[in-house]
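Engineer:
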DNA sequence: AGCAATAACAGTAATCGTTACTGATTTTGA
DNA sequence: TCAAAATCAGTAACGATTACTGTTATTGCT
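Residue numbers (this note's numbering), protein chains in the order written: chain A, 2 to 129; chain B, 2 to 129.
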């Protein structure tokens, strides 16, 4: 099922690579719609899933009920502001050592972990 | 809006305290239905949310699209088997130190983190 | 360039987990 | 025992996502 080029997919990827935000499918839809006024929401969802599956973008499940997407695939951690809901990248040393800590008293095999941090972002923290 | 007793809520809580699994709302529904054959799924959802809000149970968002619930409210980490999907508790030293590691180059305020580990559970590991 | 095969599309209907609404039932404190 | 109010069962509605259908775009080949 050889992958074929599509400008819609290209536009979606471009947008994700360019932004520092971590938009939801709907936000991607709203944005790409400026260039492709009659792109379908289904197309956005299909391509986001496809791009995530082949590893060109990252799907973030932050537990807020809707998936977010990240154009950056290099491993890094995320921060969610409990005040304004913004998602930002964290520059952090690798935390892979926690896999071993967690595995000490565990009989199975730990391959990895999912972690995100929460609190108040710089902007919201300033205001209080 | 003083909280009133209800046997349905009691049954839901009992079940969650008794099990080591981390059931979804639907599983809770299926189980409690044995005792209350015409309990409503809405009642299950409402009480799970209520119990989680007052801190008598914990809501787990594991990124699999459906919430899981844990009758144990003591802080601990969870492990998800990528093979069979089971969720288990991990006995682990506190990992709160990662909050500081993550906060080093961050301007906001980090209150906490959400972490779960994944890999192969003991059962599935044995079989391979 | 022209063409057939097929991936990708737009549009829409369907699905799934969850929440909100409604009129009937329980619980509770007086 | 009784009335106020929380909770219920049942069902409709919701938002995010996926699946389906007939049309369009891309591709490799001649």
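Just so you know, even glycine gets a beta-carbon here, dropped at the ideal spot from N, CA and C.
Can you find the residues in the same chain that come closer than 7 Å, C-beta to C-beta, to residue 111(B), ignoring five residues on each side of it along the sequence?
Structural biologist: 100, 103 and 104
Engineer: Which of the three DSSP states is assigned to residue 109(B) in this structure?
Structural biologist: Under the three-state reduction of DSSP, residue 109(B) is assigned to coil, being neither helix nor strand.
Engineer: So, residue 88(A) versus residue 116(B), is the Cβ gap smaller than 8 Å?
Structural biologist: 8 Å or more divides the Cβ of residue 88(A) from the Cβ of residue 116(B).
Engineer: Can you give me the C-alpha to C-alpha distance between residue 84(B) and residue 120(B), rounded to a whole angstrom?
Structural biologist: 8 Å
Engineer: When you compare each of 108(B), 13(B) and 127(B) to residue 108(A) by their alpha carbons, which one comes out closest?
Structural biologist: 127(B)
Engineer: For residue 37(B), which residues from the same chain have a beta carbon less than 7 Å from its beta carbon, with the 5 sequence-adjacent residues on both sides left out?
Structural biologist: 9 and 12
Engineer: Under 8 Å between C-beta atoms, does residue 46(A) make it to chain B?
Structural biologist: no
Engineer: Could you confirm whether any beta carbon from chain A is found closer than 8 Å to the beta carbon of residue 118(B)?
Structural biologist: yes
Engineer: Check distances from the C-beta atoms of the segment 88 to 111 of chain A to those of chain B and list, in chain order, the residues that come in under 9 Å.
Structural biologist: Within the segment 88 to 111 of chain A, the qualifying residues are 89, 91, 92, 93, 94, 96, 99, 100, 102, 103, 104, 105, 106, 107, 108, 109, 110 and 111.
Engineer: In chain order, what residues of the segment 47 to 65 of chain A put their CB closer than 7 Å to some CB of chain B?
Structural biologist: 62 and 64
Engineer: For residue 54(B) and residue 94(A), I'd like the C-alpha separation in whole angstroms.
Structural biologist: Looking at the two C-alpha atoms, the distance is approximately 34 Å.
Engineer: If residue 68(A) and residue 25(A) are in contact, beta carbons under 8 Å, what's the gap, nearest whole angstrom?
Structural biologist: Right, the Cβ-Cβ distance comes to about 7 Å (below 8 Å), so this counts as a contact.
Engineer: Let's see if you can read the secondary structure: which residues bound the beta strand (DSSP E) around residue 46(B)?
Structural biologist: That residue, residue 46(B), is in no beta strand (DSSP E); its alpha helix (DSSP H) goes 42 to 54.
Engineer: Skipping 5 residues on each side, what residues in its chain have a beta carbon closer than 8 Å to that of residue 42(A)?
Structural biologist: Only 26, 27 and 30 meet the Cβ criterion.
Engineer: Assuming contact is defined by CB atoms lying nearer than 8 Å, are residue 106(B) and residue 22(A) in contact in what I supplied?
Structural biologist: no
Engineer: Thinking just about the alpha-carbon of each residue, which of 63(B), 20(B), 35(B) and 70(B) is nearest to the one in residue 46(B)?
Structural biologist: 70(B)
Engineer: What whole-angstrom Cβ distance do residue 63(B) and residue 81(B) have, given they're in contact under 8 Å?
Structural biologist: Contact flag correct, Cβ pair sits at about 6 Å.
Engineer: Would a C-beta distance cut-off of 8 Å place residue 52(A) and residue 14(A) closer than the cut-off?
Structural biologist: Between residue 52(A) and residue 14(A), the C-beta spacing is below 8 Å.
Engineer: Just verifying my parser: in three-state terms, what is the DSSP assignment at residue 91(A)?
Structural biologist: strand
Engineer: At the 8 Å Cβ level, is residue 1(B) part of the contact set with chain A, yes or no?
Structural biologist: An answer regarding residue 1(B) cannot be provided, because it is not within the stretch 2 to 129 covered by chain B.
Engineer: Give a yes or no on whether 8 Å exceeds the smallest Cβ distance from residue 86(A) to chain B.
Structural biologist: no
Engineer: The beta strand (DSSP E) with residue 60(B) in it runs from where to where?
Structural biologist: Segment 59 to 61, the beta strand (DSSP E) holding residue 60(B).
Engineer: Residue 72(B) and residue 20(B) look like a contact to me (Cβ under 8 Å); what is the Cβ gap, rounded to whole Å?
Structural biologist: 7 Å
Engineer: Considering just the uninterrupted stretch of the beta strand (DSSP E) at residue 71(B), what are its terminal residues?
Structural biologist: Its beta strand (DSSP E) spans residues 69 to 71.
Engineer: Report the residues of the segment 4 to 26 of chain B with a CB closer than 9 Å to any CB of chain A, ordered along the chain.
Structural biologist: none
Engineer: Whole angstroms are fine: how far does the CA of residue 118(A) sit from the CA of residue 40(A)?
Structural biologist: 34 Å
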